[in-house]
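Position 163, counted from 1, in the sequence shown is what my numbering calls 146; the numbers after and before it change by one each time, with no gaps. Step one of this worksheet: look at the structure below.
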Amino acid sequence: MAQPVGPEGGEGPPDAGAAAGSQDALSLEEILRLYNQPINEEQAWAVCYQCCGSLRAADAGRRQPRRRVRSAAQIRLWRDGAVTLAPATGDPGKVEYSHCTETEVIESLGIIIYKALDYGLKENEERELSPPLEQLIDRMANTVETDGSNDEGYEAADEGLEEDDDEKRKVSAIRSYRDVMKLCAAHLPTEAEAPNHYQAVCRALFAETMELHTFLTKIKSAKETLKKIQEMEKSDESNTDLEELKNADWARFWVQVMRDLRNGVKLKKVQERQYNPLPIEYQLTPYEMLMDDIRSRRYTLRKVM
-16 MAQPVGPEGG EGPPDAGAAA GSQDALSLEE ILRLYNQPIN EEQAWAVCYQ CCGSLRAADA
44 GRRQPRRRVR SAAQIRLWRD GAVTLAPATG DPGKVEYSHC TETEVIESLG IIIYKALDYG
104 LKENEERELS PPLEQLIDRM ANTVETDGSN DEGYEAADEG LEEDDDEKRK VSAIRSYRDV
164 MKLCAAHLPT EAEAPNHYQA VCRALFAETM ELHTFLTKIK SAKETLKKIQ EMEKSDESNT
224 DLEELKNADW ARFWVQVMRD LRNGVKLKKV QERQYNPLPI EYQLTPYEML MDDIRSRRYT
284 LRKVM
C-alpha cells in the first residue's frame, strides 16, 4: 500500500518512488498532490459511496474499532475501484478511536472530502458545488447524534424498516453509512447501478493517476536528457519552452485531455452550460475508450490535400 507523500518540491513527480507500476493502492493525498488540483464532483460522490460501503462492512463484522478520518492520506483507492480507510499515522499509543461513533466518522469523512474538493484554492476562494453534492457534504459534516445508543443499534433497526425507508426518496438526516450511500445512489438515474458505477469511477481515477505519474516521469526524463544535450552543445540559452513547463502545467494538460476524451469535444453555447445531474460513463478509461473507437472504426479519415 502507498505511504503518505512527503512535502512537495523539486521538478520530479511527487513521491515518484511510491507510485510504481506494480502498486495496488494510492492514497487520496497522493492523487491530490500529483494532479495539484481538486477532485471533480463525480469522484467525490464515488469516494463517499465506496468508503462508506467498506466502513459499513467493517462495522458489521466489528473487525476494527471506529476511528475518525484525520487526513486524505488515510483514504486509499485500490486498483479494482475499492476505497478503504487506513489507520492514521501518528502516536501509536492513542486508543481514542474505540470510542468514536458512526456519525463522528461520517462527519470527519465529509470534512476531508470537502477539503479534497477545495484542494489548491486560495484562502479567499471557494468552489461552487452543485446543490445535491453541497447538500450531501453539509449533512455529513453536520451530523447530530441525539443518543449514543442510537448509533450502536441503528444498523440492526434499519434492516427491519428497509422497505419503509426505500419509499422515502430523501434522507432527512444522516445517522449511518447506509444513509450516505442512499443519498449517493439517489444521485444516479438508476439507484441500482450505484455499486458498479461508483466502483468504475474510482477504478478510472486510480488508472488515470498511475498513467499521469508515468507521463510525468517521462517528461522529467526528457527534460534531463535535453539539459544534458544543451550542456554538451554549450548553448547560451539556459531555459527552453519545454523546461519552463512545470509539473502542475503538465498535470493540468493531462486532465484536460482525459476530460475531452471521456466527454468528447463539443462547443456549447453559454446558456447551455448548466448543471447536468447525469453522470459521465466511467466503465472505460479514456485510453480504453480511444482504443475501442479505433477497433470499431468510429472515426473519419480526412483526405490529404
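Just so it is clear, CB atoms sit at the ideal spot from N, CA and C, and this is done for glycine as well. These numbers were taken from a predicted model, which means no experiment stands behind them.
- Query: Taking all protein chains shown into account, do 16 or more other C-beta atoms lie within 10 angstroms of the C-beta of ARG278, making it buried, or fewer, making it exposed?
  - Reply: If you number the sequence shown from 1, residue 278 lands on position 295. ARG278 counts as exposed, since fewer than 16 other C-beta atoms from the protein chains shown sit within 10 angstroms of its C-beta.
- Where SER10 falls: helix, strand or coil (DSSP): Indexing the sequence shown from 1 puts residue 10 at position 27. Correct three-state label for SER10: strand.
- Query: Between ASN125 and GLU25, what straight-line distance do the alpha-carbon atoms span, to the nearest angstrom?
  - Reply: Reading the sequence shown from its first residue, position 142 is the one you call residue 125. Reading the sequence shown from its first residue, position 42 is the one you call residue 25. Distance between the alpha carbons of ASN125 and GLU25: 21 Å.
- Might you give, ordered along the chain, the residues of its own chain that have their beta carbon closer than 6 Å to the beta carbon of GLU142, omitting 5 neighbours on each side? Locating residue 142 in the sequence shown gives position 159, where the first residue counts as 1. Reliability of the predicted coordinates at GLU142 is poor, the pLDDT of 49 falling under 50, and no value is obtained from them.
- Three-state secondary structure (DSSP) at ARG59? Residue 59 sits at position 76 when you count from the first residue of the sequence shown. In the three-state DSSP reduction, ARG59 falls in the strand class (E or B).
- Nearest to VAL66 by alpha carbon, out of LEU116, TYR160, CYS34, LYS210? On the sequence shown, residue 66 is found 83 positions in, with the first residue counted as 1. Comparing Cα positions, the closest option is CYS34.
- Return the CA-CA distance between ASP147 and ASP162, expressed in angstroms with no decimal places. As a position in the sequence shown, residue 147 is number 164, starting the count at 1. As a position in the sequence shown, residue 162 is number 179, starting the count at 1. Because ASP147 carries a pLDDT of 47, less than 50, the predicted location of this residue cannot be relied on, and the following value inherits that uncertainty. So the two alpha carbons sit approximately 14 Å from each other.
- Terminal residues of the beta strand (DSSP E) in which THR67 lies: Within the sequence shown, residue 67 is the residue found at index 84, counting from 1. Unbroken beta strand (DSSP E) run through THR67: 66 to 68.
- Beta-carbon separation of ARG59 and SER10 under 7 Å? Taking the sequence shown and counting its residues from 1, the one referred to as residue 59 is at position 76. Taking the sequence shown and counting its residues from 1, the one referred to as residue 10 is at position 27. A contact, by the Cβ cut-off of 7 Å.
- Inter-residue CB distance, CYS31 and CYS167 (contact presumed, cutoff 8 Å): Numbered from its first residue, the sequence shown carries residue 31 at position 48. Numbered from its first residue, the sequence shown carries residue 167 at position 184. About 6 Å; that satisfies the 8 Å criterion.
- Message: Taking the alpha-carbon of VAL238 as reference, which of THR192, THR197, SER204 has the nearest alpha-carbon?
- Response: Counting from one through the sequence shown, the residue named residue 238 turns up at place 255. Residue THR192 is the option with its Cα nearest to VAL238.
- Item | Closest Cα partner of ALA43 within the set LEU116, LYS201, TYR97, TYR160 | Translated into the one-based positions of the sequence shown, residue 43 becomes position 60. Ranking LEU116, LYS201, TYR97, TYR160 by Cα distance to ALA43 puts TYR160 first.
- Message: Between ILE89 and chain B, is the shortest Cβ-Cβ distance under 7 Å, so that the two count as touching?
- Response: No chain B is present in this structure, which holds just one protein chain.
- Task: Could you say which of LEU209, ALA69, PRO21 lies nearest to GLU108 if we only look at CA atoms?
- Result: Numbered from 1 along the sequence shown, position 125 holds the residue referred to as residue 108. Each of LEU209, ALA69, PRO21 was checked against the Cα of GLU108, and the nearest Cα belongs to PRO21.
- What is the DSSP secondary structure of ARG122, reduced to helix, strand or coil? Position 139 of the sequence shown holds residue 122. The three-state reading of DSSP puts ARG122 in helix, counting H, G and I together.
- Message: Could you check whether LEU15 and TYR97 sit closer than 7 Å to each other, using their CB atoms as the reference points?
- Response: Numbered from its first residue, the sequence shown carries residue 97 at position 114. Numbered from its first residue, the sequence shown carries residue 15 at position 32. No; because the gap between Cβ atoms is not below 7 Å, this pair is not in contact.
- From GLU13, GLY93, GLU85, ALA99, residue whose alpha carbon lies closest to that of ASN23: Looking up residue 23 in the sequence shown gives position 40. It is ALA99.
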